[in-house]
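S.K.: Taking the working numbering, the leading residue of the sequence shown gets 61, the next gets one more, and so forth.
Just so it is clear, CB atoms sit at the ideal spot from N, CA and C, and this is done for glycine as well.
Please read these numbers as outputs of a predicted model, since none were measured by experiment.
After the structure tokens below, expect a handful of questions from me.
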Amino acid sequence: MGPTRDRGLRRLDRLNRRETRVKPKFVDGIKQQLTNSPIGVELYRAAADIIDTANSKEKLGMMRRSLRGTRQLSKGDAKSYRQRLFAAASIEILQDAGYETPVVVVKRQWCLDKYDVKKYKRILKKLVKGEVDCLTNAAIPPAIARRIAIMHQLTTYRDYLIEQEGRAVATAVFEQAIEIARSFGEPVLEGDNWVHPNDPGQLTNRPASVVAGRAIMAAMDSLGMPDSSVSELHSRYPVDNLETFMERRGSQVRGDDVEEEA
């Protein structure tokens with residue numbers, strides 16, 4: 061509508077523009093967060109497929125869950141935080157499925173509470189179970205997919221350790237971690253399978269990142285590396301359950317000191 065002096069027409073024009081204006085959907089914001097994350101095109105498509113499928117089952121924008129990370133946030137910032145949670149959760153689901161993803165870096169950059177991520181991850185997994193092709197593709201045998209995922213995590217830790225401790229130390233930790241992960245009954249090297257496929261261990265159903273993190277920490281411990289090295293690695297590439305490991309290690313050291321005094 062062109063310029064007019066008729067107040068009634070101007071009012072109708074404003075109402076019409078308000079009615080026809082397309083507001084961004086909540087899922088569009090999630091996808092924008094994915095676009096802003098350090099993932100490639102293929103991962104973006106897979107993550108967006110997870111988001112679209114979940115949203116078709118239940119509107120993600122309508123979900124209101126109590127979150128640790130939204131305390132003291134404004135309404136707008138809380139909305140962005142929720143969108144980032146869904147984005148990170150979709151990437152972590154792909155990580156668990158054997159994809160190589162930068163999910164640890166993403167969660168750290170976005171300052172996401174780990175319990176909030178777990179909560180939203182459970183929501184998405186429940187909504188998309190058996191519905192998304194990238195998660196149900198049986199072309200790769202499960203043991204091979206697991207081996208690839210664990211080795212990717214171990215290699216990532218090794219690369220960070222090379223920067224931190226030098227190639228010789230990093231290689232020693234990496235090789236030790238491989239053997240430790242295999243001792244868990246996990247497939248790590250080519251030709252490996254689960255040691256007891258019909259009797260899964262405590263880590264069998266845990267993400268590859270958990271297996272690799274446990275193996276790396278145990279390897280560093282067995283090689284006598286100081287707590288400062290473990291903490292520095294955690295700052296570079298967060299290690300799952302680091303706090304538990306450090307507490308257990310501290311208790312062991314205190315116990316050894318008591319024995320020496322006795």
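Looking at C-alpha atoms only, which residue of R168, R182, R144 and M285 is the closest neighbour of D88?
M.R.: Taking the first residue of the sequence shown as 1, we reach residue 88 at position 28. Taking only the C-alpha atoms, the option nearest D88 is R144.
S.K.: Skipping 5 residues on each side, what residues in its chain have a beta carbon closer than 6 Å to that of I276?
M.R.: On the sequence shown, residue 276 is found 216 positions in, with the first residue counted as 1. Excluding sequence neighbours, I276 sits near Y217 and A237.
S.K.: If you run the structure through DSSP and keep just helix, strand and coil, what is G284?
M.R.: For the purposes of this step, residue 284 is taken as residue 224 along the sequence shown, with counting starting at 1. If DSSP states are grouped into helix, strand and coil, G284 belongs with coil.
S.K.: Count the other CB atoms within 10 Å of the CB of G226; is the residue buried (16 or more) or exposed (fewer)?
M.R.: Locating residue 226 in the sequence shown gives position 166, counting from the first residue. Classification for G226: exposed.
S.K.: With a threshold of 6 Å on Cβ separation, who are the neighbours of I23 within its own chain once the five nearest residues in sequence on each side are excluded?
M.R.: Here the chain covers residues 61 to 322 and nothing more, so residue 23 does not appear.
S.K.: Does the structure place the region 130-143 close enough to the region 99-118 that three or more beta carbon pairs sit under 8 Å?
M.R.: Flag = no, the region 99-118 and the region 130-143 do not touch.
S.K.: Exposed or buried, what is Y175 when buried is set at 16 or more other beta-carbons lying within 10 Å of its beta-carbon?
M.R.: Along the sequence shown, read from residue 1 onward, the residue named residue 175 stands at position 115. Per the 10 Å Cβ criterion, exposed.
S.K.: On a CA-only basis, which of M123, S288, G273 and R125 is nearest P298? Give me that one, please.
M.R.: Here residue 298 refers to the residue found at position 238 when the sequence shown is read from its first residue. The option with the nearest alpha carbon to P298 is G273.
S.K.: What number of angstroms, rounded off, separates the C-alpha of K178 from the C-alpha of I151?
M.R.: The sequence position of residue 178 within the sequence shown is 118, counting from 1. The sequence position of residue 151 within the sequence shown is 91, counting from 1. Answer to the nearest angstrom: the Cα atoms are 12 Å apart.
S.K.: Just checking, does the region 228-236 make contact with the region 278-286 on the three C-beta pairs under 8 Å criterion?
M.R.: Taking 8 Å as the limit for Cβ pairs, the verdict is that the region 278-286 does touch the region 228-236.
S.K.: On a CA-only basis, which of R168, R131, M122 and C194 is nearest E102? Give me that one, please.
M.R.: For the purposes of this step, residue 102 is identified with residue 42 of the sequence shown, where counting begins at 1. The shortest Cα separation from E102 among R168, R131, M122 and C194 belongs to C194.
S.K.: Quick one: grab the DSSP three-state call for N253.
M.R.: The residue you call residue 253 lines up with position 193 of the sequence shown. Of the three classes helix, strand and coil, the one that applies to N253 here is coil, per DSSP.
S.K.: Since I believe V165 is in contact with P84 (beta carbons under 8 Å), could you give me their beta-carbon distance rounded to a whole number of angstroms?
M.R.: Counting from one through the sequence shown, the residue named residue 84 turns up at place 24. Counting from one through the sequence shown, the residue named residue 165 turns up at place 105. Contact doesn't hold; Cβ gap of about 26 Å is too wide.
S.K.: Measuring only the C-alpha atoms, how far is L327 from A149?
M.R.: This structure gives no information on residue 327, because the portion of the chain shown stretches from 61 to 322.
S.K.: For the putative contact between R206 and A268, defined by C-beta atoms under 8 Å, what is the C-beta separation to the nearest angstrom?
M.R.: As a position in the sequence shown, residue 206 is number 146, starting the count at 1. As a position in the sequence shown, residue 268 is number 208, starting the count at 1. So it is a contact: roughly 7 Å between Cβ atoms.
S.K.: Report all residues from its chain with a CB closer than 6 Å to the CB of P162; omit the five preceding and five following residues, and keep chain order.
M.R.: Here residue 162 corresponds to residue number 102 of the sequence shown, with the count starting at 1. The residues are P98.
S.K.: Around the C-beta of L249, are 16 or more other C-beta atoms found within 10 angstroms, so that it is buried, or is it exposed?
M.R.: In the sequence shown, counting from the first residue as 1, residue 249 sits at position 189. L249 should be labelled exposed.
S.K.: Tell me whether I99 sits in a helix, a strand or coil according to DSSP, three-state version.
M.R.: Here residue 99 corresponds to residue number 39 of the sequence shown, with the count starting at 1. I99 falls in the coil class under three-state DSSP.
S.K.: A148 by DSSP, collapsed to three states: which one?
M.R.: As a position in the sequence shown, residue 148 is number 88, starting the count at 1. A148: helix per DSSP, three-state reduction.
S.K.: Where do the ends of the alpha helix (DSSP H) carrying V174 lie?
M.R.: As a first step, residue 174 is located in the sequence shown; it is residue number 114 there, counting from the start. For clarity, residue 174 is Lys in the given sequence; the question names Val instead. K174 to V188 is the span of the alpha helix (DSSP H), which, as asked, contains K174.
S.K.: Spatial neighbours of R74 within its chain, please: C-beta separation below 6 Å, excluding the five flanking residues on both sides.
M.R.: If you number the sequence shown from 1, residue 74 lands on position 14. Counting only Cβ-Cβ distances below 6 Å, and skipping sequence neighbours, we find nothing.
S.K.: Between Q224 and E292, is the Cβ-Cβ spacing less than 8 Å?
M.R.: Mapped onto the sequence shown, residue 224 falls at position 164. Mapped onto the sequence shown, residue 292 falls at position 232. Their beta carbons are under 8 Å apart, which means Q224 touches E292 by this criterion.
S.K.: Cβ atoms of L263 and E246: under 8 Å apart, would you say?
M.R.: Indexing the sequence shown from 1 puts residue 246 at position 186. Indexing the sequence shown from 1 puts residue 263 at position 203. Yes, the Cβ-Cβ distance between E246 and L263 is below 8 Å.
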